[in-house]
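One structure is given here, and the rest of the page talks about it.
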Amino acid sequence: MALRIIGYPNRLLTIHLVAKQIQDIKKRLKGISGNAETYGLNKQSGESSVASLNQVILPAKENRAPMVEEADVVGFHRDAEKLATLLVGGEARQNRSVVVFSMVEDAEIRAGGLIRLWIAEGFVQQRREERMEDVAEDYLEELIHRSLLQVGEKRSDGGVETCRIHDLLRDLAISEGKQDKFLDICVEPSSHRLAIHPVANGMYPTSSRLNLHSLLCFSSTEIDLWKSFRPFWGRIKLLRVLDLEDVSIDYLPDEIGELLLLKYLGLRRTNIHSLPPSTCNLRNLQTLDLGITNFSDIPNRLWKLKQLRHLYISYSNIEASNSNLSSRQIDNLSHLQTLELPAGNWIMGGLDKLTDLRQFSTHGKLSTVYKEALANSLPKLYSLRSLTLVNRVQELAPAFLPLVSFSQHLHLYKWYLRGQLEKLPNLVDFPPNLIELELINSRLRLRQQEDEDAPQAQNQIMAMLEQLPNLRFLFLGDGSYEEKEMIFTAGGFPKL
Numbered sequence: 074m075a076l077r078i079i080g081y082p083n084r085l086l087t088i089h090l091v092a093k094q095i096q097d098i099k100k101r102l103k104g105i106s107g108n109a110e111t112y113g114l115n116k117q118s119g120e121s122s123v124a125s126l127n128q129v130i131l132p133a134k135e136n137r138a139p140m141v142e143e144a145d146v147v148g149f150h151r152d153a154e155k156l157a158t159l160l161v162g163g164e165a166r167q168n169r170s171v172v173v174f175s176m177v178e179d180a181e182i183r184a185g186g187l188i189r190l191w192i193a194e195g196f197v198q199q200r201r202e203e204r205m206e207d208v209a210e211d212y213l214e215e216l217i218h219r220s221l222l223q224v225g226e227k228r229s230d231g232g233v234e235t236c237r238i239h240d241l242l243r244d245l246a247i248s249e250g251k252q253d254k255f256l257d258i259c260v261e262p263s264s265h266r267l268a269i270h271p272v273a274n275g276m277y278p279t280s281s282r283l284n285l286h287s288l289l290c291f292s293s294t295e296i297d298l299w300k301s302f303r304p305f306w307g308r309i310k311l312l313r314v315l316d317l318e319d320v321s322i323d324y325l326p327d328e329i330g331e332l333l334l335l336k337y338l339g340l341r342r343t344n345i346h347s348l349p350p351s352t353c354n355l356r357n358l359q360t361l362d363l364g365i366t367n368f369s370d371i372p373n374r375l376w377k378l379k380q381l382r383h384l385y386i387s388y389s390n391i392e393a394s395n396s397n398l399s400s401r402q403i404d405n406l407s408h409l410q411t412l413e414l415p416a417g418n419w420i421m422g423g424l425d426k427l428t429d430l431r432q433f434s435t436h437g438k439l440s441t442v443y444k445e446a447l448a449n450s451l452p453k454l455y456s457l458r459s460l461t462l463v464n465r466v467q468e469l470a471p472a473f474l475p476l477v478s479f480s481q482h483l484h485l486y487k488w489y490l491r492g493q494l495e496k497l498p499n500l501v502d503f504p505p506n507l508i509e510l511e512l513i514n515s516r517l518r519l520r521q522q523e524d525e526d527a528p529q530a531q532n533q534i535m536a537m538l539e540q541l542p543n544l545r546f547l548f549l550g551d552g553s554y555e556e557k558e559m560i561f562t563a564g565g566f567p568k569l
């Protein structure tokens with residue numbers, strides 16, 4: 074691993090010596106770590122501080138016997154701790170080591186969600202004219218480069234999809250977090266961040282905890298968390314992050330509007346079906362996640378949250394028409410970078426103005442009611458990286474998804490289409506850097522092009538697709554291809 078020396082001239086020697094120590098320790102540990110399975114030693118309960126922490130805040134690991142660290146066996150335990158300290162210390166001045174404080178041991182977390190939490194907490198510093206998300210992604214890559222984080226899965230474009238933290242570093246991070254009052258395993262009023270995990274005996278916050286900056290819940294479906302927080306909800310004035318994913322609650326109190334500093338509100342997979350009127354007071358809100366909820370309508374007050382960057386309302390019971398919505402409000406959310414929303418009149422109210430949009434997903438009557446509006450808007454969204462269009466029209470007459478040119482969309486690498494296509498786009502109209510293409514129910518058939526001078530390759534579906542120079546993933550789902558045979562040529566799909 075290449076090490077970079079960063080610092081003031083009079084400190085270069087010191088930093089070089091630290092880097093050399095890290096390199097030496099890594100070399101010693103690397104030779105040992107390759108033989109982990111040869112030891113076969115079971116760790117006894119009570120031998121590890123991490124194990125004791127699990128008894129306090131994490132669910133019991135049934136039917137699982139963790140293996141002892143090789144460092145403990147061969148006498149490298151102190152070296153490993155020293156390495157972890159150097160790694161964490163090297164990033165402390167840039168606030169990048171904070172990632173390790175909020176991650177569950179051995180659990181994978183989505184990189185995108187982690188980045189949004191960092192931004193909401195204020196851990197990411199503005200860098201020139203760059204987007205905060207891009208700066209945070211650089212932080213993430215640097216943490217991985219320093220082995221503070223491990224990559225779980227990667228996206229098709231090479232970016233990080235999920236990541237996890239090594240238990241040794243997590244143990245160290247918890248220790249440092251206690252010293253800095255960044256967090257605590259016990260419920261202490263001085264802590265600013267509370268992460269609640271499902272435990273056998275239950276763990277509830279107390280009304281004395283009034284200085285919280287962040288509250289996260291992990292699969293807390295079996296505890297009555299809401300009952301504990303309800304009496305003093307309006308008194309947690311400093312809260313910036315509230316993630317209640319999977320918590321069994323069916324409403325938010327009106328006092329939620331008093332959390333004026335709130336930047337992240339996660340309500341995914343809850344039973345909430347509406348937002349209180351006071352929600353429009355959350356003028357600093359950047360992320361609103363209402364995915365997989367019981368919402369039956371999109372409230373008009375949503376369009377007043379002008380600082381929103383990421384909005385998720387997906388797979389809900391919302392009717393596609395949304396006739397009660399004003400068609401001239403979506404352009405109020407000019408900072409949106411992620412938008413997952415059922416199709417509605419909002420598509421005709423300024424979708425083309427959302428030029429910062431990177432991820433766009435919608436479903437509904439895309440081949441009829443909103444076809445023209447989509448066809449006019451999508452070509453103007455040059456920042457798109459991921460596009461998902463799901464047509465939910467069931468009619469006797471063919472209803473085709475809109476076809477537009479994406480030849481200028483240089484960042485669009487993922488394209489998901491579910492619904493009938495009249496034909497494939499011309500080769501020049503595909504995104505030039507398309508990596509991942511998914512087609513479902515597209516009913517592709519060989520059709521003669523209207524232009525008789527068109528190349529013969531355009532009459533062949535596979536001959537068209539195999540010319541995409543950067544395509545790595547091609548998924549043809551149910552009803553996507555209706556011909557009896559597929560014809561492939563030598564040299565096609567150069568990167569598939």
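If you're matching positions, the sequence shown starts at 74 in our numbering and goes up one per residue. Just so it is clear, CB atoms sit at the ideal spot from N, CA and C, and this is done for glycine as well. What you are looking at is a predicted structure, and each value in this text was computed from that prediction instead of being measured.
- For residue 337, the three-state secondary structure derived from DSSP is strand.
- With fewer than 16 other CB atoms across the displayed protein chains lying within 10 angstroms of its CB, residue 562 is exposed.
- With distances taken between CA atoms, residue 498 lies nearest to 538 out of 486, 509, 538 and 513.
- Assigned with DSSP and collapsed to three states, residue 351 falls in helix.
- The C-alpha of residue 351 is placed about 7 Å away from the C-alpha of residue 329.
- Residue 223 and residue 236 have their C-alpha atoms spaced approximately 6 Å apart.
- The Cβ atoms of residue 493 and residue 464 lie closer than 9 Å to each other.
- With respect to residue 509, residue 229 sits close: the two C-beta atoms are nearer than 9 Å.
- Unbroken beta strand (DSSP E) runs of no fewer than 3 residues, entirely contained in the segment 472-518, are found at 487-491 and 509-513, following chain order.
- Residue state for residue 227 is assigned as strand, using DSSP reduced to three classes.
- Taking 9 Å as the cut-off, the beta carbon of residue 424 is found closer than this to the beta carbon of residue 446.
- Taking a cut-off of 8 Å for Cβ pairs, the segment 186-195 and the segment 449-463 do not touch, as fewer than three such pairs fall below it.
- Here residue 321 carries a coil assignment [DSSP, helix/strand/coil].
- Between the alpha carbons of residue 491 and residue 200 lies a distance of about 39 Å.
- Residue 367 and residue 461 have their C-alpha atoms roughly 22 Å apart.
- The beta carbons of residue 312 and residue 334 sit about 7 Å from each other, so the pair counts as a contact at 8 Å.
- Looking at the backbone, the Cα of residue 240 and that of residue 225 are separated by about 14 Å.
- One alpha carbon belongs to residue 438, the other to residue 459, and they sit about 20 Å apart.
- In the three-state scheme derived from DSSP, where H, G and I count as helix and E and B as strand, residue 201 is classed as coil.
- Residue 429 carries a coil assignment under DSSP once its states are collapsed to helix, strand and coil.
- Cβ contact annotation for residue 346 (same chain, cutoff 8 Å, sequence separation greater than five): 323, 324, 366, 367, 368 and 369, in chain order.
- Distances from the alpha-carbon of residue 232 to those of 326, 407, 242 and 217 put 217 closest.
- Taking each of 542, 513 and 485 in turn and checking the Cα distance to residue 500, the smallest one comes out for 542.
- A straight line joining the alpha-carbon of residue 540 with that of residue 430 spans about 28 Å.
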